[in-house]
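Beneath this line is the structure, given in structure tokens, with notes to follow.
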Amino acid sequence: MSSKMSSASRISLISVMLAFFTMGFVDLVGIASNYVKSDLHLSDAVANIMPSLVFFWFLVFAVPTGMLMNRIGRRRTVLLSIAVTLLSLLLAMVGSSFPLMLCAFSLLGIGNALMQTSLNPLVATVVKGGNLASTLTFGQFVKAIASFLAPYIAVWGATAQLPTFGLGWKVLFPIYAVVAITALLLLASTPIDEGEPSAQRATGFVDCVRLLRRPLVLLSFIGIVCHVGIDVGTNATAPKILMERLGMGLHEAAFATSLYFAFRTIGSLTGSMLLRVVKARIFFALSVVMMLASMAGMAWGESPAVLYTAIALVGYGNSNIFPMIFAEALRSDSEHANEVSGLMVMGLAGGAVFPLVMGLASDAVGQIGAVAVMAVGVCYLLTYIRRIS
Numbered sequence: 141m142s143s144k145m146s147s148a149s150r151i152s153l154i155s156v157m158l159a160f161f162t163m164g165f166v167d168l169v170g171i172a173s174n175y176v177k178s179d180l181h182l183s184d185a186v187a188n189i190m191p192s193l194v195f196f197w198f199l200v201f202a203v204p205t206g207m208l209m210n211r212i213g214r215r216r217t218v219l220l221s222i223a224v225t226l227l228s229l230l231l232a233m234v235g236s237s238f239p240l241m242l243c244a245f246s247l248l249g250i251g252n253a254l255m256q257t258s259l260n261p262l263v264a265t266v267v268k269g270g271n272l273a274s275t276l277t278f279g280q281f282v283k284a285i286a287s288f289l290a291p292y293i294a295v296w297g298a299t300a301q302l303p304t305f306g307l308g309w310k311v312l313f314p315i316y317a318v319v320a321i322t323a324l325l326l327l328a329s330t331p332i333d334e335g336e337p338s339a340q341r342a343t344g345f346v347d348c349v350r351l352l353r354r355p356l357v358l359l360s361f362i363g364i365v366c367h368v369g370i371d372v373g374t375n376a377t378a379p380k381i382l383m384e385r386l387g388m389g390l391h392e393a394a395f396a397t398s399l400y401f402a403f404r405t406i407g408s409l410t411g412s413m414l415l416r417v418v419k420a421r422i423f424f425a426l427s428v429v430m431m432l433a434s435m436a437g438m439a440w441g442e443s444p445a446v447l448y449t450a451i452a453l454v455g456y457g458n459s460n461i462f463p464m465i466f467a468e469a470l471r472s473d474s475e476h477a478n479e480v481s482g483l484m485v486m487g488l489a490g491g492a493v494f495p496l497v498m499g500l501a502s503d504a505v506g507q508i509g510a511v512a513v514m515a516v517g518v519c520y521l522l523t524y525i526r527r528i529s
């Protein structure tokens, strides 16, 4: 019996981790927005509407998703999120107009809002008695693999190094659609015992938002806003910095996005191990110091070595911020874990605010303006260090 349970647990974990990979599809919006900007000759401010729109839906859907989980359960909510994500990828394949891409990225944001809210609590169900922060960090490692691969697939498609069937850089959409279908089928066929949906204690939207009156929940929410603002901001801005400072073309500069996600991937993998032996507060502090150094490098660096190092530092430093803050928030109120999860994911709407402000700042004074906006978020994370237990 124990062997069967162990085997079932492993299958459940694999299905959940493949869902984490699907969650990483949202990060393709960074490189995609640069290609759409080039194809349609858009300004920075207009092009940055795309990543902002993706993350705007976290503000709308995160808390209602927490309530939905109380009614239909976490696994079914994750399945719904993968289906919406799949629809967004299929829509992105059928055309190239700006309104159509906005619609596709909106669905991508809605699907990811559903997934971010429901998948993290589902991990706590699958990995009973495990280290939550460490397991969530490993999930972020799996997610980062999808984020890391997206720019490479786009560049391969755009430069005809891959058979693209006329799709060009958009070949990444059908490739990721196949993965989404696999994730959907595997999770749908995997039984996960999460108990009965807790509709009897389902709360309303106002009740969920009232949880922000708890100091740690509010401070964690703001921390998530800053984390994702830095993440999406670097994703979209790093190639522009290389083009501005080093005179690179878009295909060559797309390496910056892959470099960022490569170090996010390394950071998530090593973080899942280090968090088992290093105090979370010390690891969090080291991560924020790396990000501060990165902001200085991206603001004033003029050589490839400095800029690449800065991009790598923010990739590694920012890789573990989300799971540590998320785990801290869940521990602060385990009785309302679904609702707190919804609030934390609502904080991902910071990915809508930061790119808009960064786009305006970069149009006004160059990419140093965009870096200055991200630096504000890093400074806030400095103040959160003492909240980590």
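Mapping of the sequence shown onto the working numbering: position 20 corresponds to residue 160, and the numbering continues sequentially without gaps.
The beta-carbon is built from N, C-alpha and C at its ideal position, and this holds for glycine as well.
Because the structure is a prediction, the values reported are computed rather than measured.
Query raised in the report: Where does G389 sit, in a helix, a strand or coil, going by DSSP?
Result: Residue 389 sits at position 249 when you count from the first residue of the sequence shown. Reduced to three states, the DSSP call for G389 is coil.
Query raised in the report: Would L230 pass as a contact of C243 if the rule is Cβ separation under 9 angstroms?
Result: Looking up residue 230 in the sequence shown gives position 90. Looking up residue 243 in the sequence shown gives position 103. Cβ atoms of L230 and C243: not closer than 9 angstroms.
**Report entry** Alpha-carbon to alpha-carbon, W309 and A290
**Finding:** As a first step, residue 290 is located in the sequence shown; it is residue number 150 there, counting from the start. As a first step, residue 309 is located in the sequence shown; it is residue number 169 there, counting from the start. Answer to the nearest angstrom: the Cα atoms are 10 angstroms apart.
Report task. Give every residue of the same chain whose Cβ lies closer than 6 angstroms to the Cβ of A202, excluding the five residues on either side of it in the sequence, and list them in chain order. Result -> Within the sequence shown, residue 202 is the residue found at index 62, counting from 1. Contacts found: A253, T257, G482, V485 and M486.
**Report entry** Every unbroken alpha helix (DSSP H) inside the region 307-332 [4 residues or more]
**Finding:** 312-328
Query raised in the report: If you run the structure through DSSP and keep just helix, strand and coil, what is R211?
Result: Here residue 211 corresponds to residue number 71 of the sequence shown, with the count starting at 1. Reduced to three states, the DSSP call for R211 is helix.
Query - Residues near M141 in its chain [Cβ-Cβ closer than 7 angstroms; skip 5 each side] - result: Translated into positions along the sequence shown, residue 141 becomes position 1. Here M141 scores only 35 on pLDDT, less than 50, and its place in the model should not be relied on; the value that follows carries that caveat. The answer is none, since no qualifying residue turns up.
Query raised in the report: If you check the beta carbons only, do F494 and Y456 fall under 9 angstroms apart?
Result: Start at 1 with the first residue of the sequence shown, and residue 494 comes out as number 354. Start at 1 with the first residue of the sequence shown, and residue 456 comes out as number 316. No, they are not a contact pair.
Requested in this report: Let me know the secondary structure DSSP gives V511 once reduced to three states.
Outcome: Here residue 511 is taken as the residue at index 371 of the sequence shown, counted from 1. Three-state result, V511: helix.
**Report entry** Cut-off 8 angstroms between Cβ atoms - residues of its own chain near F423, not counting five sequence neighbours on either side
**Finding:** The sequence position of residue 423 within the sequence shown is 283, counting from 1. The residues are G411, L414, L415, N460 and M464.
Query - Where the alpha helix (DSSP H) containing E475 begins and where it ends - result: As a first step, residue 475 is located in the sequence shown; it is residue number 335 there, counting from the start. Careful: E475 lies outside any alpha helix (DSSP H) and carries neither H nor E.
Query raised in the report: Roughly how many angstroms separate the alpha carbons of A264 and I154, rounded to a whole number?
Result: Residue 264 sits at position 124 when you count from the first residue of the sequence shown. Residue 154 sits at position 14 when you count from the first residue of the sequence shown. If I take the Cα positions, the gap works out to 14 angstroms.
Query raised in the report: What do you get for P444, buried or exposed, if any count of 16 or more other CB atoms within 10 angstroms of its CB means buried?
Result: One-based indexing of the sequence shown puts residue 444 at position 304. With fewer than 16 Cβ atoms within 10 Å of its Cβ, P444 is classed as exposed.
Query raised in the report: Thinking C-alpha only, which one of A492, G251 and A436 is nearest C366?
Result: Translated into positions along the sequence shown, residue 366 becomes position 226. The shortest Cα separation from C366 among A492, G251 and A436 belongs to A492.
Requested in this report: Assign Q340 to one of two classes, buried (16 or more other C-beta atoms within 10 Å of its C-beta) or exposed (fewer than that).
Outcome: Within the sequence shown, numbered from 1, the residue matching residue 340 stands at position 200. Annotation note: pLDDT 44 at Q340 (below 50); position unreliable, coordinate value reported separately. Exposed, since its Cβ has fewer than 16 Cβ neighbours within 10 Å.
Requested in this report: Evaluate contact between the region 496-512 and the region 204-221, counting only Cβ atoms and requiring at least three cross-stretch pairs below 8 angstroms.
Outcome: no
Requested in this report: For R527, collect the residues of the same chain with a Cβ closer than 7 angstroms to its Cβ; drop the 5 residues on either side in sequence, then sort them by chain order.
Outcome: Walking along the sequence shown from the start, residue 527 turns up at place 387. Counting only Cβ-Cβ distances below 7 angstroms, and skipping sequence neighbours, we find L356, L359 and E468.
Query - Of the residues Q507, Y400 and F281, the one placed nearest A185, counting alpha carbons only - result: Your numbering for residue 185 matches position 45 in the sequence shown. Per the Cα distances, Q507.
Query raised in the report: Are the region 430-449 and the region 320-335 touching, with three or more C-beta to C-beta distances below 8 angstroms?
Result: no
Query raised in the report: What is the DSSP secondary structure of V368, counted as helix, strand or coil?
Result: Looking up residue 368 in the sequence shown gives position 228. In this structure, V368 counts as helix in the three-state DSSP scheme.
**Report entry** Classification of V346 by the beta-carbon crowding that lies within 10 angstroms, buried from 16 upward
**Finding:** Against the sequence shown, residue 346 aligns to sequence position 206. V346 comes out exposed.
Query raised in the report: Exposed or buried, what is A172 when buried is set at 16 or more other beta-carbons lying within 10 Å of its beta-carbon?
Result: Position 32 of the sequence shown, counting from 1, holds the residue named residue 172. Buried, since its Cβ has 16 or more Cβ neighbours within 10 Å.
Query - 6 angstroms Cβ shell around Y316 - same chain, five flanking residues per side excluded - result: Against the sequence shown, residue 316 aligns to sequence position 176. Excluding residues within five positions, the ones whose Cβ falls inside 6 angstroms are F165 and L229.
Report task. With a threshold of 16 other CB atoms inside 10 Å of the CB of A504, please say whether the residue is buried or exposed. Result -> Locating residue 504 in the sequence shown gives position 364, where the first residue counts as 1. Exposed.
Query raised in the report: CB-CB under 6 angstroms to Y175, same chain, minus the five flanking residues each way: which ones, in chain order?
Result: Locating residue 175 in the sequence shown gives position 35, where the first residue counts as 1. Excluding sequence neighbours, Y175 sits near W309.
Query raised in the report: Could you give the residue range of the alpha helix (DSSP H) that holds N260?
Result: As a working note, residue 260 is residue 120 in the sequence shown. Its alpha helix (DSSP H) spans residues F238 to V266.
**Report entry** Length of the line joining the Cα atoms of G170 and Y520
**Finding:** On the sequence shown, position 30 is the one that residue 170 refers to. On the sequence shown, position 380 is the one that residue 520 refers to. Rounded to the nearest angstrom, the two C-alpha atoms are 24 angstroms apart.
Requested in this report: Within the same chain, show all residues whose beta-carbon is closer than 7 angstroms to that of F288, passing over the 5 residues directly before and after it, in chain order.
Outcome: In the sequence shown, residue 288 corresponds to position 148, counting from 1. Hits under 7 angstroms: S398, F401, A402 and T405.
Query raised in the report: Should F198 be labelled buried (16 or more other beta-carbon atoms within 10 Å of its own) or exposed?
Result: On the sequence shown, residue 198 is found 58 positions in, with the first residue counted as 1. Flag for F198 reads buried.
**Report entry** Close Cβ partners of K227 (< 6 angstroms) along its chain, the five nearest in sequence each way excluded
**Finding:** Position 87 of the sequence shown, counted from the start, is the residue given in the question as residue 227. Note that residue 227 is Leu in the sequence shown here, rather than Lys. Counting only Cβ-Cβ distances below 6 angstroms, and skipping sequence neighbours, we find L247.
**Report entry** Coarse secondary structure for A546, derived from DSSP in three states
**Finding:** Shown here, the chain extends from 141 to 529; a query on residue 546 therefore has no answer.
Query raised in the report: For N239, which option in A187, R216, V480 and L259 has the closest C-alpha, if you only look at C-alpha atoms?
Result: Sequence index remark: in the sequence shown, residue 239 carries index 99 (1-based). The amino acid at residue 239 is misidentified as Asn; the sequence shows Pro. Among A187, R216, V480 and L259, the Cα nearest to that of P239 belongs to A187.
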